[in-house]
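Numbering (the numbering used here), first residue to last: 387 to 628.
No residue lacks a Cβ here, since even glycine has one placed at the ideal position from N, Cα and C.
Being a predicted model, the structure only gives us computed values, none of them experimental.
Before any comments, here is the structure.
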Amino acid sequence: MRKPVVRLANLQTRAEAFSFLRAAFDKQLEAAIDNNAQPNSVIAGDYGARQAFNALLSPSEQRIFFRQIVSDPRYWPRIRALIGSPPFTFLLPEDEGLLRAGGICRNRTNLTTKESSISKVPDFTGGHFYDNAERIYRVINHDYTDSSLPWQNIGLQQQLIVDVRLKRYSYKTKVAIYRGTDASGAQQASLMFPRPSESVQLYLVKHLEMTGPYSITVKVDSGRQKAKFSPIARLLVTVLKM
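The following block contains the structure:
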């Protein structure tokens, strides 16, 4: 996994996150203009800005930030590189007319999602947490009266909404894991979502650590798969241990 350009763990509040992101996006915009970058092409530094966008902001905050930057037409050719391809799960149906989806990515017709606001695979980048089965977790909700960032200031017995992504394997590897013959020793748990009543220990991803390893244990209250055969699900969990 590529490392982010900056240490995101140094940021402590949503106000700091918005300020940092705007500076990072403006820097990438200026670099693209200076280098005559082709529309929708990726330049050095774009990945770090995109990773920060997915890590620092909740979906509702991503929507606010997105609406701010697209008010500047200079950003339109940079949306795909800095944020990704539509449809965007953080937008609402009434945002459909903000931009033309086909201008961001060929053959895309919708800017917003019509069926599910659950994260897409690219929305995770590094995620916030991971578990022993190499599943990646992204915190979707947190207390909006709290100025801290999504993975911070989590309390005991607090309920969280998280999206979880399964590790991607080839069909051959999946069969080997089920049979217990996979050379890597991958767990069968890596092929399935955590189930209701199951307790899972979640570890903060390395680039978000401030003083060293940090983990929480959660109990799964309920879950819903994004779509049939999708590697992503949305879970409601309760924090049991910190």
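Practice task
Since I believe R620 is in contact with D509 (beta carbons under 8 Å), could you give me their beta-carbon distance rounded to a whole number of angstroms?
Solution key: In fact, because the Cβ distance is near 12 Å, the residues do not count as touching under 8 Å.
Handout entry: Residue nearest to K614 in terms of C-alpha spacing, selected from A438, S502, I429
Key = S502
Exercise for the section: Using the Cα positions of P390 and A410, report the straight-line distance between them to the nearest angstrom. Expected result: Residue placement at P390 cannot be trusted, given a pLDDT of 44 that sits under 50; the coordinates are not used to answer.
Exercise for the section: Could you name each continuous alpha helix (DSSP H) segment of 4 residues or more that falls completely within the region 405–483, going from the start of the chain to the end? Expected result: 432–442, 445–455, 465–468
Practice task
Quick one: grab the DSSP three-state call for V591.
Solution key: coil
Exercise for the section: Using alpha carbons as the reference points, say which of E447, F406, A423 lies closest to V525. Expected result: E447
Practice task
Evaluate K413 with the Cβ neighbour count: other Cβ atoms within 10 Å of its Cβ, from every protein chain shown; 16 or more gives buried, anything less gives exposed.
Solution key: exposed
Exercise for the section: With Y530 as the anchor, note down where its alpha helix (DSSP H) starts and where it stops. Expected result: Looking at the DSSP string, Y530 is not in any alpha helix (DSSP H), and its letter there is neither H nor E.
Exercise for the section: Have a look at F439 and D458 and give me their C-alpha separation to the nearest angstrom. Expected result: 18 Å
Handout entry: Beta-carbon spacing of S576, T399 below 8 Å
Key = no
Problem - Which residues DSSP lists as bridging T624, in chain order - result: Q545, K605
Practice task
Examine the Cβ distances between the region 516–524 and the region 463–473 and report whether three or more of them are shorter than 8 Å.
Solution key: no
Problem - Cross-strand partners of V550 (DSSP beta bridge) - result: Y523, A619
Practice task
Closer than 8 Å by C-beta to V582: which residues in its own chain qualify, once you throw out the five before and the five after it? Chain order, please.
Solution key: The residue asked about is misnamed: residue 582 is Pro in this sequence, not Val. V606, D607, S608, G609.
Problem - Same chain, Cβ closer than 8 Å to L477, five either side skipped, listed in chain order - result: R449, F452, L484, L497, T498, T499
Handout entry: Identity of the residues DSSP links to Q611 by a beta bridge
Key = A619
Handout entry: Contact under 8 Å by Cβ, I504 with K592
Key = no
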